[in-house]
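Asks: Here numbering that gives the first Met the number 0 is used: position 27 in the sequence shown is 26, and no number is missing along the way.
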Amino acid sequence: MAIEIKKAEYFNIVIDSNAEEAYNLLSRFATLDISLLAFKAIPADQSRTRFSLVPDNSSKMIDGAKKAGLFIDGPHNAIIIKSNNDDPGECAGIFKKLSQVDINVKESSGIADIMDSYGVILYLENEDCEKAMAALKA
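#1: Are the CB atoms of residue 100 and residue 134 nearer to each other than 7 Å?
#2: Can you tell me the Cα-Cα spacing of residue 136 and residue 4, whole angstroms?
#3: Taking residue 26 and residue 82 to be in contact with their CB atoms under 8 Å, please state how far apart those CB atoms are, rounded to whole angstroms.
#4: Between which two residues does the alpha helix (DSSP H) carrying residue 124 extend?
#5: Name, in chain order, the residues that DSSP records as bridge partners for residue 107.
#6: Could you tell me the boundaries of the alpha helix (DSSP H) in which residue 25 lies?
#7: If you reduce the DSSP assignment to three classes, tell me which class residue 62 lands in.
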């Protein structure tokens, strides 16, 4: 399993559930020159959406949110995994390694592309991140 592993931090923010609010949120960070490595949007309740934003620079995200008058929850720990190989079962191997060291993944998202590669983001408890990194690199 040849994978690239990167520790990352993410922040949560809840907004009204509509495309205009999503646009406003993402464009605010873009105008502040904050690049996102990943993001996820899921329902928080019937009328609101929770965005999990993974910036390439957490300090810039914190400062940018303050300047924009936004409340963000975080930072929280995550691991981003990228592989240039999408063999069947490879993603299962990631979770096998984590289970062998008693790491519980709170949430995860993945994507495959047409170039036979994939990416996964694992949302972890803060205290589990280093142990997970070590297990995945073994």
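Think of the CB as a built atom: it goes at the ideal place given N, C-alpha and C, for glycine as much as any other residue.
All of these numbers come straight from a predicted model, not from anything done at the bench.
Replies: The answer reads as follows:
#1: Residue mapping note: residue 100 aligns to position 101 of the sequence shown, counting from 1. Residue mapping note: residue 134 aligns to position 135 of the sequence shown, counting from 1. Result yes, Cβ atoms of residue 100 and residue 134 sit closer than 7 Å.
#2: Translated into the one-based positions of the sequence shown, residue 136 becomes position 137. Translated into the one-based positions of the sequence shown, residue 4 becomes position 5. Cα to Cα, the separation comes out at about 8 Å.
#3: Numbered from 1 along the sequence shown, position 27 holds the residue referred to as residue 26. Numbered from 1 along the sequence shown, position 83 holds the residue referred to as residue 82. About 31 Å separates the two Cβ atoms, so there is no contact after all.
#4: Here residue 124 refers to the residue found at position 125 of the sequence shown. No alpha helix (DSSP H) contains residue 124, which DSSP labels as neither H nor E.
#5: Within the sequence shown, numbered from 1, the residue matching residue 107 stands at position 108. Answer is 121, bridged to residue 107.
#6: Walking along the sequence shown from the start, residue 25 turns up at place 26. Residues 18-30.
#7: The sequence position of residue 62 within the sequence shown is 63, counting from 1. Three-state DSSP puts residue 62 in a helix.
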